[in-house]
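Letter 35 of the sequence shown, counting from 1, is numbered 362 in the numbering used here, and no numbers are missing.
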Amino acid sequence: MILILGGTAAYHLDLSAELGAVERIDQETPYGRAFPILRLLNAPGNTALAFASRHGLEQLDLTPPFVNARANLWAAHALGVQAIVSWNGVGAINPLLEVGDLLVLNHLLDMTRTRVRSFDPAPPLPTRCCRINRPLRHCLFLTRP
328 MILILGGTAA YHLDLSAELG AVERIDQETP YGRAFPILRL LNAPGNTALA
378 FASRHGLEQL DLTPPFVNAR ANLWAAHALG VQAIVSWNGV GAINPLLEVG
428 DLLVLNHLLD MTRTRVRSFD PAPPLPTRCC RINRPLRHCL FLTRP
């Protein structure tokens with residue numbers, strides 16, 4: 328089975344109107360409640376397909392830091408999902424930024440740093456972020472197109 332995992336605003340899609348009947352599957356996992364998965368009952372080409380919206384089905388229920396990725400992956404695996412096709416769209420604060428622009432970050436806000444990152448119960452390895460020092464920043468700015 329292939330799971331199509333939608334990002335922000337995927338909850339606007341009306342799969343039953345486009346692809347026919349769907350079966351909603353809600354699951355509890357060892358990691359908590361997973362997102363609802365919609366199994367497409369009449370998927371094209373006899374392909375086993377399912378769909379899930381990582382942020383909620385009918386509306387934006389969860390912002391990224393609160394998505395229970397471990398529960399969602401566990402539920403998908405329990406359903407027999409063997410591949411995941413997904414997309415994401417990252418917004419920008421500055422309206423002058425255009426698609427394809429490259430940026431050198433001045434600050435990084437990691438809203439997921441408190442999220443458990445593994446199925447392994449052992450303590451995770453620390454996450455490190457390298458500092459972009461002034462000479463490196465200067466070099467990056469000089470090489471921009």
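Every residue gets a Cβ at the ideal spot worked out from N, C-alpha and C, and that includes glycine.
The structure displayed is predicted, hence computed values, not measured ones.
Item to check | Three-state secondary structure (DSSP) of Ala348 | outcome: coil
Item to check | Meets three-Cβ-pair contact criterion under 8 Å: the segment 363-373 and the segment 402-415 | outcome: yes
Checklist entry - Can you tell me whether Ala379 is buried or exposed, with buried defined as 16 or more other CB within 10 angstroms of its CB? => result Buried, because 16 or more other Cβ atoms sit within 10 Å of the Cβ of Ala379.
Item to check | With 16 other Cβ atoms within 10 Å as the buried cut-off, status of Ala377 | outcome: Buried: at least 16 other Cβ atoms inside 10 Å.
Checklist entry - Is DSSP giving Ala370 helix, strand or coil here? => result It is coil, neither helix nor strand.
Checklist entry - Cα separation between Asp341 and Pro462? => result Going from the Cα of Asp341 to the Cα of Pro462 covers about 51 Å.
Next on the checklist: Measuring only the C-alpha atoms, how far is Arg360 from Leu384?
Outcome noted: 14 Å
Item to check | Nearest neighbour of Val484, chosen from Gly427, Ala396, Ala370 [CA to CA] | outcome: No answer is possible for residue 484: the residues shown for the chain start at 328 and end at 472.
Next on the checklist: Out of Thr374, Arg381, His382, Thr441, which one is the CA nearest neighbour of Gly407?
Outcome noted: Thr374
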